[in-house]
Amino acid sequence: MNRAGGEESPQSFIVIDSMNSHGALTVQSADTRATYHVVDYADTEARERLASLTEGAQVRMSVSRAGVRANVWTAKKVVTGSAEPTTARA
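In the UniProt record's numbering, the protein residues as written are 1 to 90.
Structure representation (structure tokens):
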């Protein structure tokens, strides 16, 4: 199992940095406060949903590693997204 649930049930994340011009965004686990750099997407719909979110928004999704040596992730099963700001950092 991946740290953020991998192919399992979606977890809650908070957008730290919205999607940049290279298609990458940074999220933080709402449960563990671990940071994830999302650089790949399961499909166009997942990418579009995440691209619409701004800093502080909350989203439920599952992620899996996109590489073996770096902290880069693929977003899968993007279930919900909220534009409501959420306190992200402790």
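Using N, Cα and C, we set each Cβ at its ideal position, and we do this for glycine too.
The model shown is predicted, which means the values in this text are computed figures rather than measured ones.
Coil, strand or helix - residue i by DSSP
| i | result |
| --- | --- |
| A34 | coil |
| L25 | strand |
| Q69 | One point to set straight first is that residue 69 is Arg, not Gln, in the sequence displayed. Coil. |
| T44 | helix |
Closest by C-alpha distance to residue i, when choosing among the options
| i | options | result |
| --- | --- | --- |
| D43 | G56, F13, M61 | M61 |
| L53 | S29, V15, S9 | V15 |
| Y41 | S9, M19, V68, E55 | M19 |
| P10 | S21, H22, S64 | S64 |
| A70 | T80, Y36, E48 | Y36 |
Nearest-angstrom Cβ-Cβ length linking residue i and residue j, presumed shorter than 8 Å
| i | j | result |
| --- | --- | --- |
| V59 | V72 | Actually they do not touch by this definition, with Cβ atoms about 17 Å apart. |
| A24 | V39 | 5 Å |
| S12 | A34 | Going by Cβ atoms, the distance from S12 to A34 rounds to 12 Å, so no, they are not a contact pair. |
| A75 | A46 | 5 Å |
DSSP beta-bridge partners of residue i
| i | result |
| --- | --- |
| R60 | S12, T80 |
| A75 | Y41, V63 |
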